[in-house]
Each structure stands twice: as C-alpha cells, then as structure tokens.
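Colleague:
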Amino acid sequence: MHDYQKLGLKVGLEIHQQLEGKKLFCSCPTLLREDQPHFSVQRKLRAVVGESGQIDTAAEQEQEKEKVFSYQGYTDTTCIVELDEEPPHLVNQNALYTTLQLCKLLKAEVSSVVQFMRKTVVDGSNTSGFQRTALVARNGSLETNAGKVSISWINLEEDACKIVSDIQENKNNVKENNVKEKIYRLDRLGIPLIEIGTGPEIHSPEQAQETAKKLGMLLRSLSGVKRGLGTIRQDVNISISGGNRVEIKGAQDLQQLPLLVELEVKRQKELLQIKKELQGTRLTASEIIDLTTLLNDCPSKIIQNTLQKGGKILAIKLNGFAGFVGRELQPNYRLGTEFSGRAKIKAGVGGIFHSDELPNYGITDTDVIRIKKKCKCDEKDAFILVADQEQKAQRALHAVYERAQEVMEGVPKEVRKANADGSTAYLRPMPGAARMYPETDVPLIKPDLAPVQIPETLEEKIIRYQEKLGLSADLAVFIARSEKVALFEELIQKYPQNLFPLMKPAFIAETLTSRLLEIKRNYQEDPEKLTDDNFREVFHLLQENKIHKDIVLDVLIDMIRGKFNPEYYARMGTEKIHDVIKEIVAQNKSAPFPALMGLAMKQLKGKASGEFIAEHLKKVMNEGHG
Numbered sequence: 058m059h060d061y062q063k064l065g066l067k068v069g070l071e072i073h074q075q076l077e078g079k080k081l082f083c084s085c086p087t088l089l090r091e092d093q094p095h096f097s098v099q100r101k102l103r104a105v106v107g108e109s110g111q112i113d114t115a116a117e118q119e120q121e122k123e124k125v126f127s128y129q130g131y132t133d134t135t136c137i138v139e140l141d142e143e144p145p146h147l148v149n150q151n152a153l154y155t156t157l158q159l160c161k162l163l164k165a166e167v168s169s170v171v172q173f174m175r176k177t178v179v180d181g182s183n184t185s186g187f188q189r190t191a192l193v194a195r196n197g198s199l200e201t202n203a204g205k206v207s208i209s210w211i212n213l214e215e216d217a218c219k220i221v222s223d224i225q226e227n228k229n230n231v232k233e234n235n236v237k238e239k240i241y242r243l244d245r246l247g248i249p250l251i252e253i254g255t256g257p258e259i260h261s262p263e264q265a266q267e268t269a270k271k272l273g274m275l276l277r278s279l280s281g282v283k284r285g286l287g288t289i290r291q292d293v294n295i296s297i298s299g300g301n302r303v304e305i306k307g308a309q310d311l312q313q314l315p316l317l318v319e320l321e322v323k324r325q326k327e328l329l330q331i332k333k334e335l336q337g338t339r340l341t342a343s344e345i346i347d348l349t350t351l352l353n354d355c356p357s358k359i360i361q362n363t364l365q366k367g368g369k370i371l372a373i374k375l376n377g378f379a380g381f382v383g384r385e386l387q388p389n390y391r392l393g394t395e396f397s398g399r400a401k402i403k404a405g406v407g408g409i410f411h412s413d414e415l416p417n418y419g420i421t422d423t424d425v426i427r428i429k430k431k432c433k434c435d436e437k438d439a440f441i442l443v444a445d446q447e448q449k450a451q452r453a454l455h456a457v458y459e460r461a462q463e464v465m466e467g468v469p470k471e472v473r474k475a476n477a478d479g480s481t482a483y484l485r486p487m488p489g490a491a492r493m494y495p496e497t498d499v500p501l502i503k504p505d506l507a508p509v510q511i512p513e514t515l516e517e518k519i520i521r522y523q524e525k526l527g528l529s530a531d532l533a534v535f536i537a538r539s540e541k542v543a544l545f546e547e548l549i550q551k552y553p554q555n556l557f558p559l560m561k562p563a564f565i566a567e568t569l570t571s572r573l574l575e576i577k578r579n580y581q582e583d584p585e586k587l588t589d590d591n592f593r594e595v596f597h598l599l600q601e602n603k604i605h606k607d608i609v610l611d612v613l614i615d616m617i618r619g620k621f622n623p624e625y626y627a628r629m630g631t632e633k634i635h636d637v638i639k640e641i642v643a644q645n646k647s648a649p650f651p652a653l654m655g656l657a658m659k660q661l662k663g664k665a666s667g668e669f670i671a672e673h674l675k676k677v678m679n680e681g682h683g
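When the count follows the numbering used here, it moves up by one through the sequence shown with no breaks and lands on 683 for the last residue.
1) Taking the alpha-carbon positions, what's the glutamate 327 to asparagine 417 distance?
2) Contact between the region 190 to 205 and the region 166 to 175: three or more CB pairs below 8 Å?
3) Please say whether tyrosine 241 and serine 182 have beta carbons closer to each other than 8 Å?
4) DSSP state of glycine 254, grouped into three classes?
5) Count the other C-beta atoms from every protein chain shown that fall within 10 angstroms of the C-beta of histidine 411, then say buried if there are 16 or more, exposed otherwise.
6) Quick test of the definition: if touching needs 3 or more C-beta pairs under 8 Å, does the region 253 to 273 touch the region 198 to 209?
7) Determine the extent of the alpha helix (DSSP H) in which serine 571 is found, giving its start and end residues.
8) How close, in whole Å, do the beta carbons of leucine 320 and glutamine 387 come, if the pair is a contact with beta carbons under 8 Å?
9) Helix, strand or coil, according to DSSP, for glutamine 387 in the structure here?
10) Distance, Cα to Cα, leucine 157 vs valine 509?
11) Buried or exposed: methionine 58, going by 16 or more other Cβ atoms within 10 Å of its Cβ?
12) Check each candidate in Glu385, Thr341 and Ile402 and name the one with the smallest Cα separation from lysine 449.
13) How would you label phenylalanine 96, buried or exposed, when you count the other beta carbons within 10 angstroms and need 16 or more for buried?
14) Which parts of the region 598 to 642 are runs of the alpha helix (DSSP H), unbroken and 4 residues or longer, counting only runs that do not cross its ends?
15) Taking DSSP as the reference, what is the three-state secondary structure of aspartate 60?
16) In whole angstroms, what is the alpha-carbon distance linking proline 249 and leucine 163?
17) Since valine 472 and glutamate 304 should fall inside the 8 Å C-beta cutoff, what is the C-beta to C-beta distance between them, to a whole number of angstroms?
18) For valine 282 versus glutamine 150, is the C-beta spacing smaller than 8 Å?
19) Taking 7 Å as the line, does the beta carbon of valine 609 fall inside it for any heavy atom of the ligand ATP?
20) By the DSSP assignment, the alpha helix (DSSP H) with aspartate 92 in it spans what residues?
21) Given that a residue counts as buried once 16 or more other Cβ atoms are within 10 Å of its Cβ, and exposed if not, what is threonine 177?
22) Please report the Cβ distance between isoleucine 549 and leucine 526, rounded to the nearest whole angstrom; I am assuming they are in contact, meaning their Cβ atoms lie under 8 Å.
23) Run through DSSP, which three-state label would arginine 100 get?
24) Would you mind reading off the limits of the alpha helix (DSSP H) that contains leucine 556?
25) When the Cα of glutamine 446 is compared with those of Glu463, Lys470 and Asp347, which residue comes out closest?
26) Identify every residue that forms a DSSP beta bridge with tyrosine 483.
27) Mark glutamine 291 as exposed unless 16 or more other C-beta atoms lie within 10 angstroms of its C-beta, in which case mark it buried.
28) Exposed or buried, which one is asparagine 235 when buried takes at least 16 other CB atoms within 10 Å?
29) Between the region 325 to 340 and the region 360 to 368, can you find at least three pairs of beta-carbon atoms closer than 8 Å?
30) Leaving out five residues on either side along the sequence, give the residues of the same chain with a beta carbon under 6 Å from the beta carbon of methionine 678.
31) Report all residues from its chain with a CB closer than 6 Å to the CB of lysine 675; omit the five preceding and five following residues, and keep chain order.
32) Measure how close the beta-carbons of glycine 247 and glutamate 139 come, nearest whole angstrom, since I'm counting them as under 8 Å.
33) I need the boundaries of the alpha helix (DSSP H) containing serine 397, first residue and last residue.
34) Does DSSP put asparagine 230 in a helix, a strand or coil?
35) Going by alpha carbons, who is nearest to leucine 375 out of Arg339, Leu364, Ser127 and Arg399?
36) Buried or exposed for valine 68, going by 16 or more other Cβ atoms inside 10 Å?
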C-alpha cells in the first residue's frame, strides 16, 4: 500500500453522462442500434492549424496513421447533420435544461453567455474532425468524507461515433491494398453529453471512488439522463510529486477505480525511480541498424514469417538501458511494454523484442551475441528489435527511441486507456490548447436559470421510498437506480394503495425490477423486449380483475414471446383453482406429485402461476392423506 500523502497524489475525475431524447444539434433520436446499417460512406481526415496557428500534437499523431474511416448509418434514425453535410441545428433545449439542473445541484456558477467550441478530433470518431463542446458553468463543489472536492467545469457536448472495428490491413479494398480502415457507427454521434470535471483535491483511491459514486447519483437524479450500461463513463487524471498529469480514458467500472488509481501510482513511482537511477546517462543519437542478413537463419517464427513477406529486421541501441527495459512497472507490465505500446500505436507493428527478455521467442543465445556485436552494445546497453515491413519497422523504432528519451524526464504527459485488469495502455500524447477554436455555426446562448427546478436527488428518493412507500432498503435503491423509475412513479400515482390494496408499491417495484432478472436468469428470455406500455397493460388488467396477481410472470413472458392474449388469461378465483386441483387428484389417486403437477399445469395454464398451483396441489394431497 502506498503512502499517498507522502507521494503527493492528486486525482481529478471527468464524468460523461449521456442524455435521453433527441440529439444535441438535430431531431434524430438518441437510439443505439445493433441491426444492419442502411448505408456507409468513407472519409479521410487531416489535422489543421487551430486558432493559435499551431497543429495539435494528438491530432498530428492520428493523421500520420493515414487511416480511411467508414461511417455506417440509418436512413430513419441518422441524418446529414451527423454526416457533416448540413450545419448543426439550434441546440437541444431539453439537454440544456438538464445541464442547468445539474449546475444548480452542484452550486456551480453558470456563464452569462455560453459559446460552443470546436475541439479537434482526428481519430475518426467525428465525421467533421472535431467535437462540439460548450462550457456552461464553473466553480461548483461536492462534499465527500475526505473533504470538499471542487467542480472545475460543467460542459454540454456531443458524443462521438461508436466504433465497430479497426482493420489494420483491408486486403479486400479493390482501390488500394493494405488500407488501414476504421469503421464507425453514426447512431451515437451527436447524443448530448454532460461532462463534469473535478478539481485535483482527490488524494486517495477510495476518495476517487466515493466522488465518482456521488456524482453518478446526482446525475441519475436528473429526469433527462440515459440509464444502463455504457451511458456513463469516467476518465481519471492522476499525478504524483515530481511527475506529470496522466489522463486515463474509459474507467467504466467503479469497483475497479481504486485499483486503477493504485496501479497508475505504482507505474509513475517506478518511472520516477528509473529516471533517478539513469541520472547522468545520455542517449546517443538514434541509429537504425539493419539485421536482416544477420538473422536470416534465426529460427524465430516471427522473424522467418517477416522475411518470407519481404520485411526487414531492424534494431536500435539504447545505451545505459540494460536491465531497465525489463523493469516491472505494474504486475506483468514492464518498461518494455511501454516501448511496445508506443510502437504499436505510432507504427501499427505487432510488437517489439528487447534484450532484457532475450533469448526467447525462438531467438537463441547465439543470435543475441551476434545482435549485441552488430549494435556495438556493452554490458550496460540494451537493444530493441522490430520485425516488419521496412517503413513500419523504422517508424516503430523512432517511436521507441522517443519514449526512451522521455524516460529521462520521468513521467510523460499522455493519454492512456483503462484495461479490465486495472492496468493502462498508451493511446496518444496529451492534447493542448491548439485543438480548440470557436464554433461559428451555433448561436451564442444566454442561459435563463429562473424556470430551472432543482430535482429530487436519488438519495432523497431512496429515503422517500422507504419511509413513505414501505420499500425495503435494497428494493428502494434497486428501483431508484432502475431505468424504470419514471414508470414506477407513474404507476404508484395511478394506483394508490389505499384505493387498490393489491397494488402495493413493493409489488409494483418488484415487477419492474427483480421479476425482469428472474425472466432473464430462469427462462432465458430478453426482458428488454418489454415496453412501458406492456407494463401499463399488465397493471390495468390486474386492476380490472382480468388476470391473477400470481401469474404476472407468465403474462410478461408471453408478452416477450409475442403470444399474449388477454382473453386467454380470464381470471380464476383461488376457490375455483382449488376445486379443479381436487378433481384432478380424485381422478388420479395413485399418481405421484410430478404427474399430478403436469396434469394441473396443462388444465390451468395461464390461470395461475406454477408456484401457486404447486402450493395448492400439496395442500389437496395432504388433505387426502389426512
């Protein structure tokens, strides 16, 4: 465990929450789809100078990859605004209202004039090459158990495209071989996002998790937010004394957040220690050495496959780096992994070899001795080897050398992505101010806070559900955080318990939540197919006495399967069901319970639940034995 106070840990969070309804700059729905797209277009993007007259470094790196971007869309739920063939429409007023509600909850200072900006993005995730974003408010605050955390900004922006696949080499492209293609889907592009940025007052992994949970609870308190997997995501900024800020993208799992912070602190701490140990070492100029002929007889499969494809085996020497390239920064993650990650991103190679891990991978002791001699390495020097097409191998080694130079500085400023195990991987350099410039197609906005009502928070809602509606603590939390919370509120208003005794709030809540989990786990049916209108119909039929409360599960399953017929579910009273079961038992006196159960289910299917029938069958059989 680290001494985070001594290390000077600073953590800042960026929370992104999708909003429901229409997109930010057009009338298309915020519907995410999995069916086959109706059309596809191709684009190539390039980085251009911003308002400062400079090209953003992150955008420049992406342009060097020379990728082709394909965009898939739907004629009925995407439009030419997403394709950047039409200017943006006026900003979505519902999205703006929801953002202003959050500003009030966090006591943030709303700007008197809101100006949308263009933020350069050249990874292909925006057809325009930029993302529209607006600073709405600043200087809010959030209380945590470890102290107050400032809210630096609250932005309203548009979400990016959803990535479908990233094809490095598309041999089927008839116009050009070896085209690097990235395929995106337009359905997510333009969905309104609220972005919250905290200050760096978070000083432990646990406080980071608490802050993220509290902000998530506040966002879930807003009626206009999307709910469900992938609708909210966190980015984490982390630094320790002597290092630099590192931004980690895509920290989706809140349970994993403390581990993510802990492992990143370890990585940065180890990098600073390597910097200290390498003090006084100066890298010689980068010289790429061709080892193709030398390793012509090397038994390594990777090398032989490269040679058969006409590739090259190239290397560079890193003087003074022996023993450091194999140094572990995180569990199963070494400095060599950092070099490899940089080479993969910048050059598209599969990986690298380094002297601290050799002999291995079919490269023998004899090969290592020959390589060291060719590279003029002494015992303190390391070498990096890449096997690929010549141009890619050269770019990869330049990327490795660049990363090795950064080792001398400690922790480089960069953007990394979160992995499922809590580790991280390099994505791109930290972007600068050059990526931002004003959006001239969207009019200035003067927010009016007077009509904005502060909503009931999720914490307040959970307490109300327990105290006023009699829900258990777990069920109150479950329904309050559910996508069905608005429907729950509607139904308890329509069917108050004093007028409809059967419609207890707990029964309504369980039907909308735990019943759906039961359907998925025990019956392998998809509860997502059930609409709000399906549930409204179920409760209406219950209120009209047309179905029995005990067979709601059967009704929901039939609705999913498309077999629901209200007339089939004509309600039978408990006494009538009991009489039917007595008759079945009387006519089959020697039959065992399973056989009787089968006969009862066949005759009473749809009239009562299996659990209800089994209970009464046992009673009737016990009566007979008595």
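Don't be surprised by glycine CBs; every beta carbon is placed ideally from N, CA and C.
Modeller: Judging by the given coordinates:
1) Translated into the one-based positions of the sequence shown, residue 327 becomes position 270. Translated into the one-based positions of the sequence shown, residue 417 becomes position 360. Answer to the nearest angstrom: the Cα atoms are 25 Å apart.
2) Below 8 Å, enough C-beta pairs join the region 190 to 205 and the region 166 to 175 to call them touching: three or more.
3) Taking the sequence shown and counting its residues from 1, one reaches residue 182 at position 125. Taking the sequence shown and counting its residues from 1, one reaches residue 241 at position 184. Contact flag set, yes.
4) Here residue 254 refers to the residue found at position 197 of the sequence shown. Here DSSP, grouped into helix, strand and coil, assigns glycine 254 to strand.
5) Start at 1 with the first residue of the sequence shown, and residue 411 comes out as number 354. Label assigned to histidine 411: buried.
6) Touching, yes.
7) In the sequence shown, the residue the question calls residue 571 occupies position 514. Segment 571 to 580, the alpha helix (DSSP H) holding serine 571.
8) Taking the first residue of the sequence shown as 1, we reach residue 320 at position 263. Taking the first residue of the sequence shown as 1, we reach residue 387 at position 330. Contact between leucine 320 and glutamine 387 holds: their C-beta atoms lie close to 5 Å from each other, under 8 Å.
9) Numbered from 1 along the sequence shown, position 330 holds the residue referred to as residue 387. Reduced to three states, the DSSP call for glutamine 387 is strand.
10) Your numbering for residue 157 matches position 100 in the sequence shown. Your numbering for residue 509 matches position 452 in the sequence shown. Near 7 Å, if we compare the C-alpha coordinates of valine 509 and leucine 157.
11) Taking the first residue of the sequence shown as position 1, residue 58 is located at position 1. That one is exposed.
12) The residue given as residue 449 occupies position 392 in the sequence shown. Proximity to lysine 449 across Glu385, Thr341 and Ile402 peaks at Ile402, based on C-alpha coordinates.
13) Numbered from 1 along the sequence shown, position 39 holds the residue referred to as residue 96. Result: exposed.
14) Listed in chain order, the complete alpha helix (DSSP H) runs (minimum 4 residues) inside the region 598 to 642 are 609 to 618.
15) Sequence index remark: in the sequence shown, residue 60 carries index 3 (1-based). The answer is coil: DSSP assigns aspartate 60 none of H, G, I, E or B.
16) Translated into positions along the sequence shown, residue 249 becomes position 192. Translated into positions along the sequence shown, residue 163 becomes position 106. In a straight line, the C-alpha of proline 249 is about 19 Å away from that of leucine 163.
17) In the sequence shown, counting from the first residue as 1, residue 472 sits at position 415. In the sequence shown, counting from the first residue as 1, residue 304 sits at position 247. Valine 472 to glutamate 304, Cβ: 5 Å. Contact.
18) What you label residue 282 is simply residue 225 of the sequence shown in a count that begins at 1. What you label residue 150 is simply residue 93 of the sequence shown in a count that begins at 1. In this structure, valine 282 keeps its C-beta atom at 8 Å or more from the C-beta atom of glutamine 150.
19) The ligand ATP is not part of the structure shown, which contains no ligands of any sort.
20) In the sequence shown, counting from the first residue as 1, residue 92 sits at position 35. Careful: aspartate 92 lies outside any alpha helix (DSSP H) and carries neither H nor E.
21) Counted from its first residue, the sequence shown places residue 177 at position 120. Buried is the label assigned to threonine 177, since at least 16 other Cβ atoms lie within 10 Å of its Cβ.
22) One-based indexing of the sequence shown puts residue 549 at position 492. One-based indexing of the sequence shown puts residue 526 at position 469. Contact between isoleucine 549 and leucine 526 holds, with the beta-carbon distance rounding to 7 Å and staying under 8 Å.
23) One-based indexing of the sequence shown puts residue 100 at position 43. In the three-state reduction of the DSSP assignment, arginine 100 falls in the strand class.
24) By 1-based counting over the sequence shown, the position of residue 556 is 499. Taken as a continuous stretch (DSSP letters only), leucine 556 belongs to no alpha helix (DSSP H), as it is neither H nor E.
25) Against the sequence shown, residue 446 aligns to sequence position 389. Proximity to glutamine 446 across Glu463, Lys470 and Asp347 peaks at Asp347, based on C-alpha coordinates.
26) Residue 483 sits at position 426 when you count from the first residue of the sequence shown. According to DSSP, which records beta bridges pairwise, tyrosine 483 is partnered with Arg473.
27) As a working mapping, residue 291 is identified with position 234 in the sequence shown. That one is buried.
28) Translated into positions along the sequence shown, residue 235 becomes position 178. Residue placement at asparagine 235 cannot be trusted, given a pLDDT of 46 that sits under 50; the coordinates are not used to answer.
29) Under the Cβ criterion (8 Å, minimum of three pairs), the region 360 to 368 does not count as touching the region 325 to 340.
30) As a first step, residue 678 is located in the sequence shown; it is residue number 621 there, counting from the start. Excluding residues within five positions, none has a Cβ falling inside 6 Å.
31) In the sequence shown, residue 675 corresponds to position 618, counting from 1. Once the five neighbours on either side are set aside, lysine 675 has no close Cβ partner at all.
32) Here residue 247 refers to the residue found at position 190 when the sequence shown is read from its first residue. Here residue 139 refers to the residue found at position 82 when the sequence shown is read from its first residue. Distance from glycine 247 to glutamate 139 at the Cβ level is roughly 6 Å; contact confirmed, criterion being Cβ atoms closer than 8 Å.
33) Along the sequence shown, read from residue 1 onward, the residue named residue 397 stands at position 340. In the DSSP assignment, serine 397 falls within the alpha helix (DSSP H) that extends over 392 to 404.
34) Here the question's residue 230 lines up with position 173 in the sequence shown. Residue confidence for asparagine 230 is low, a pLDDT of 38 falling below 50, so the modelled location carries little weight; the figure read from the coordinates is stated next. In this structure, asparagine 230 counts as coil in the three-state DSSP scheme.
35) Sequence index remark: in the sequence shown, residue 375 carries index 318 (1-based). Residue Arg339 holds the alpha-carbon nearest to the alpha-carbon of leucine 375 among Arg339, Leu364, Ser127 and Arg399.
36) Translated into the one-based positions of the sequence shown, residue 68 becomes position 11. Sixteen is the threshold: when 16 or more other Cβ atoms of the shown chains lie within 10 Å of the Cβ of valine 68, as they do, the residue is buried.
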